[in-house]
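Enquirer: Questions regarding the structure given below will be posed in turn.
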């Protein structure tokens, strides 16, 4: 049995379990935030914008635009917002870009650490709960205007279905039945999927509808960057099914984007 001394902890301290964050905290290495008394203004931190996910017959598609904004300016045109978190799930981020990327890295490390310690993959529900905990830990920064709101999706081998989870800024976790979205263009993306989503969709159908929803969001929300065929900038989409996580190829995305842009004009 592991004792605190095995981890280099003071005698009487509890031995950390499968949580990497708890291990850092027990060693006094967890991040410390110096939160100002008044809300942060004019900090110039880039903001990630629209991400969304849709279930289909065999799994789930999760994607996001590539644009990050800084006030009324475009800070980055090729930001990646969707990341595989392990073999069977992926996370997408909207909000303060730097904090969002750090949260993704920590989340991926947490899942890897748990699997190494426990010898088994954390359940999809457990992953969503842990991500909710990470969002809640950022609450002091959210009160200062530096919020991160992720979107989580994965394939559940137990139910043999894809599942989508949305979050709020205080760490609330909500499972969506069909689709979900986050970010500045989320309202427009959800409005499109509300009319376009169909039960029993194929993977190709889901990819096309997610792309079209991003195009619809970019058509209304100036912070959302739609496909830019001239520059070769395309949203990044990830498919998750019983075979695991895989990226949708740029060649296929370009074909789907061209069709979506043509139908949107």
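Residue numbers (this note's numbering): 249 to 513. Idealized CB from N, CA, C, for every residue including glycine. Computed from a predicted structure; not experimentally measured.
Please report the Cβ distance between residue 433 and residue 465, rounded to the nearest whole angstrom; I am assuming they are in contact, meaning their Cβ atoms lie under 8 angstroms.
Expert: With 8 angstroms as the limit, residue 433 and residue 465 qualify as a contact, their Cβ atoms being about 3 angstroms apart.
Enquirer: Below 6 angstroms CB to CB, which residues in the same chain sit around residue 400 once its five sequence neighbours on both sides are set aside?
Expert: Answer for residue 400: 339, 376, 379 and 413, listed in chain order.
Enquirer: Roughly how many angstroms lie between the CA atoms of residue 491 and residue 332, to the nearest whole one?
Expert: Each residue's Cα considered, the two are about 14 angstroms apart.
Enquirer: Rank 459, 349 and 441 by C-alpha distance to the C-alpha of residue 296 and give the top, closest one.
Expert: Closest option to residue 296, Cα to Cα, is 349.
Enquirer: In whole angstroms, what is the alpha-carbon distance linking residue 364 and residue 370?
Expert: For residue 364 and residue 370, the distance between alpha carbons rounds to 11 angstroms.
Enquirer: Using only the alpha-carbon positions, how far apart do residue 506 and residue 460 sit?
Expert: Computed Cα separation, rounded: 10 angstroms.
Enquirer: Can you give the Cα-Cα distance for residue 322 and residue 312, rounded to whole angstroms?
Expert: Whole-angstrom Cα-Cα distance: 16 angstroms.
Enquirer: Please go through the same chain and pick out, in chain order, the residues whose beta-carbon is closer than 6 angstroms to the beta-carbon of residue 444, but skip the five residues on each side of it.
Expert: For residue 444, where only same-chain residues beyond five positions count, the Cβ hits under 6 angstroms are 457.
Enquirer: For residue 425, name the three-state secondary structure that DSSP assigns.
Expert: In the structure shown, residue 425 sits in coil (DSSP, three-state: anything other than H, G, I, E or B).
Enquirer: With distances taken Cα to Cα, identify the nearest neighbour of residue 212 among 310, 392 and 314.
Expert: Look at the range of the chain in this structure, 249 to 513, and you will see that residue 212 is not part of it.
Enquirer: For residue 334, which beta-bridge partners are listed by DSSP?
Expert: Per DSSP, 337.
Enquirer: Classify residue 494: buried if its beta carbon has 16 or more other beta carbons within 10 angstroms, exposed otherwise.
Expert: By the 10 Å Cβ count, residue 494 comes out exposed.
Enquirer: So is residue 357 buried or exposed if we call it buried at 16+ other beta carbons inside 10 Å?
Expert: Exposed, by the Cβ-count rule.
Enquirer: On the criterion of 16 or more Cβ atoms from any shown chain inside 10 Å, does residue 388 qualify as buried, or is it exposed?
Expert: That one is exposed.
Enquirer: Who are the near neighbours of residue 329 in its chain, counting only those whose CB is closer than 6 angstroms to its CB and skipping five residues on each side?
Expert: Counting only Cβ-Cβ distances below 6 angstroms, and skipping sequence neighbours, we find 296, 299, 312, 340 and 341.
Enquirer: With H, G and I counted as helix, E and B as strand and the rest as coil, what does DSSP make of residue 308?
Expert: Residue 308 falls in the strand class under three-state DSSP.
Enquirer: Closest to residue 468 by C-alpha separation, out of 438, 347, 446 and 482, would be which residue?
Expert: Ranking 438, 347, 446 and 482 by Cα distance to residue 468 puts 438 first.
Enquirer: Can you have a look at residue 362 and say buried or exposed, based on whether 16 or more other CB atoms are within 10 angstroms of its CB?
Expert: With 16 or more other Cβ atoms within 10 Å, it is buried.
Enquirer: Specify the secondary structure class of residue 398 as computed by DSSP and reduced to three states.
Expert: The answer is strand: DSSP assigns residue 398 an E or B state.
Enquirer: Restricting to runs no shorter than 3 residues, where is the beta strand (DSSP E) found entirely within the region 439-504?
Expert: Whole beta strand (DSSP E) segments, 3+ residues: 484-489 and 492-495.
Enquirer: Classify residue 354 as helix, strand or coil using the three-state DSSP reduction.
Expert: Of the three classes helix, strand and coil, the one that applies to residue 354 here is helix, per DSSP.
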